[in-house]
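Below is one structure, written out as structure tokens; comments come after it.
Number of protein chains: 2
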Amino acid sequence: MAAAPVTDPPARTGRGGRPRDPSRDDVIRAAILRLLGEVGYGALTMDAVAAEAGVGKATIYRRWRTKQDLVIDTVSELNRAWTLDADTGSLEGDLRQLVHRMVEMMASPVGAATRSLLAAMQHEPALIDAFREGPMAIWRRAFAEMWARAQARGEVGPGMTQSIPAEAATALFVQRWLVTREPVDAAYADAVLERVVLPLVRQETAGSRAG
Amino acid sequence: MAAAPVTDPPARTGRGGRPRDPSRDDVIRAAILRLLGEVGYGALTMDAVAAEAGVGKATIYRRWRTKQDLVIDTVSELNRAWTLDADTGSLEGDLRQLVHRMVEMMASPVGAATRSLLAAMQHEPALIDAFREGPMAIWRRAFAEMWARAQARGEVGPGMTQSIPAEAATALFVQRWLVTREPVDAAYADAVLERVVLPLVRQETAGSRAG
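One line per chain: the protein sequences are A and B, in this order.
Residues in the first sequence are numbered consecutively from 1, following the UniProt record's numbering.
Residues in the second sequence are numbered consecutively from 1, following the UniProt record's numbering.
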């Protein structure tokens, strides 16, 4: 992991429901990112976030009701930045870009914070649904939209997005990131694409054309 | 995960270095299994293990120097039971059996304890190496021996065991088990074998024969 360059995520675009003071939001998000990496979700408190961000606790509570809301929203928003503008015009281009972005995210402080949340899920069942509807949904949607674009271009059949082979597009990275801790870098991303993901896509496409 | 039947692991065989009182060892292991599932690695103490197992702390310290030794040894030994006698006579038979055993382990209390250790790794770097040399090495060795047998039978080329496609034999299960929490059961195991693992093995074999 040390070998992977930590690149800046692409600039975030605006969206509805954006708070009035985005710069203060960014300061709070940066504080959470540091605290999750350092102490983890369990030991993170609203007091520590307020102190680390240099804002009053009332400022935080005005926008987020609970620690879980605050952390899930922050980690989701930070992950979202890596998934924007993913349309390159071809499935192979889209896959390559999304997988490289995911690998960069994993090696970044956002990856450490996301992994910290995944660890906390083990003993806080309420986090499982929150993670699924937050950070995980961000990546699911990015991949689902990629498969939908590929289907519209005639590159894959309609069953790809929910298919088991589609799970392979992320699974090998997740396994190294969470279990084996072997390098997850750009070279590994390319190797997984060439030897696992693209062959499985070709096989599924051939199968759906033959069927 | 609830749908997966929790079957008993195969009986353990003896090995060198076995303690004099294996039944007491088993009681201590069962206590750790319960505590890891309930409170997690961080909150587990030698006192709690001794109380839960109904043995004196001296008994535990005679055999294990530290909490880390005790927990890693226990989780390794419990995982080992699922990997024994894996030779079925063919690669497809071996793969099917190992993958089904892994899926049963994930749905069992041993799986919950293993996942608890993986979560603890996030904030205890010393656990990363211990996990790699303990529970992870058990499964790595079982899969490596499976690829070696397949190579000896002429079913795959020599490069399979360390290959990236070989990582797919476990990665999809790990992703559901640790991240998406979608069902990991026997039907899923068969589907992953048919649509991901066996096609990749055939592709690698064809490639190594052509090359």
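We put the CB at the ideal spot given by N, CA and C, even for glycine.
Predicted model only: the values in this text are computed from it and were never measured.
My guess is that residue i and residue j are in contact by the Cβ rule of under 8 Å, so how many angstroms apart are they, rounded?
| i | j | result |
| --- | --- | --- |
| Arg-149 (chain A) | Asp-94 (chain A) | 7 Å |
| Ala-142 (chain A) | Ala-86 (chain A) | 6 Å |
| Ser-116 (chain A) | Leu-36 (chain A) | 5 Å |
| Ala-81 (chain B) | Glu-52 (chain B) | That belief does not hold up - the Cβ atoms of Ala-81 (chain B) and Glu-52 (chain B) are roughly 21 Å apart, past 8 Å. |
| Ile-72 (chain A) | Ala-130 (chain A) | 5 Å |
| Leu-78 (chain B) | Arg-29 (chain B) | 6 Å |
| Ala-112 (chain B) | Gln-68 (chain B) | So it is not a contact: roughly 19 Å between Cβ atoms. |
| residue 213 (chain A) | Val-110 (chain A) | In this structure chain A extends from 1 to 211, so residue 213 (chain A) is not present and cannot be described. |
| Leu-70 (chain B) | Ile-60 (chain B) | 7 Å |
| Pro-183 (chain A) | Gln-203 (chain B) | Wrong, their Cβ atoms sit about 24 Å apart, outside the cutoff. |
| Leu-193 (chain B) | Arg-96 (chain B) | 6 Å |
Taking the alpha helix (DSSP H) that residue i belongs to, which residues open and close that run?
| i | result |
| --- | --- |
| Arg-96 (chain B) | 91-107 |
| Gln-151 (chain B) | 135-152 |
| Ala-86 (chain B) | Counting along the chain, Ala-86 (chain B) falls outside any alpha helix (DSSP H), and DSSP gives it neither H nor E. |
| Leu-172 (chain A) | 164-175 |
| Val-192 (chain A) | 186-192 |
Out of the options, which has the shortest C-alpha to C-alpha gap to residue i?
| i | options | result |
| --- | --- | --- |
| Arg-55 (chain B) | B:Leu-98, B:Val-27, B:Gln-175 | One detail in the question is off: residue 55 (chain B) reads as Val in this sequence, not Arg. Val-55 (chain B) has its Cα closest to that of B:Val-27, out of B:Leu-98, B:Val-27, B:Gln-175. |
| Ala-166 (chain A) | A:Arg-176, A:Glu-145, A:Met-106, A:Val-49 | A:Glu-145 |
| Leu-84 (chain B) | B:Val-99, B:Met-121, B:Ala-187, B:Met-160 | B:Val-99 |
| Glu-155 (chain A) | A:Ala-191, A:Val-75, A:Ala-206 | A:Ala-206 |
| Gly-134 (chain B) | B:Glu-124, B:Val-192, B:Thr-114 | B:Thr-114 |
| Met-136 (chain A) | A:Arg-176, A:Val-75, A:Ala-48, A:Leu-200 | A:Val-75 |
| Met-106 (chain A) | A:Arg-65, A:Ala-189, A:Ser-208 | A:Ala-189 |
| Gly-157 (chain A) | A:Lys-57, A:Gly-40, A:Val-201, A:Val-197 | A:Val-201 |
| Trp-139 (chain B) | B:Arg-62, B:Val-174, B:Val-179 | B:Val-174 |
| Arg-132 (chain B) | A:Thr-161, A:Gln-162, A:Val-179, A:Ala-171 | A:Val-179 |
| Gly-89 (chain B) | B:Leu-70, B:Trp-147, B:Leu-33, B:Val-39 | B:Trp-147 |
| Glu-124 (chain B) | B:Gly-42, B:Gln-162, B:Val-184 | B:Gly-42 |
| Leu-172 (chain A) | A:Thr-161, A:Gln-122, A:Glu-38, A:Arg-195 | A:Arg-195 |
| Asp-47 (chain A) | A:Ile-128, A:Ala-58, A:Ser-23 | A:Ala-58 |
| Arg-62 (chain A) | A:Gly-40, A:Glu-38, A:Arg-96, A:Asp-25 | A:Asp-25 |
| Ala-191 (chain B) | A:Ile-164, A:Val-39, A:Val-197 | A:Ile-164 |
| Arg-176 (chain A) | B:Ala-152, B:Val-49, B:Ile-128 | B:Ile-128 |
| Met-121 (chain B) | B:Leu-33, B:Gln-151, B:Gly-40 | B:Gly-40 |
| Gly-159 (chain A) | A:Val-197, A:Ser-208, A:Arg-153 | A:Ser-208 |
Give a yes or no on whether 8 Å exceeds the smallest Cβ distance from residue i to chain C.
| i | result |
| --- | --- |
| His-123 (chain B) | The chain labelled as chain C is not found among the protein chains of the depicted structure, namely A and B. |
Under 7 Å from any heavy atom of the ligand MN, does the C-beta of residue i make it?
| i | result |
| --- | --- |
| Pro-109 (chain A) | Inclusion of the ligand MN in the displayed structure is not the case, the ligand content being empty and no account of it being possible. |
Curious, which full-length alpha helix (DSSP H) runs of at least 4 residues does the segment 42-79 of chain A contain? Taking only runs of at least 4 residues, the alpha helix (DSSP H) segments lying wholly in the segment 42-79 of chain A are 46-53, 57-63.
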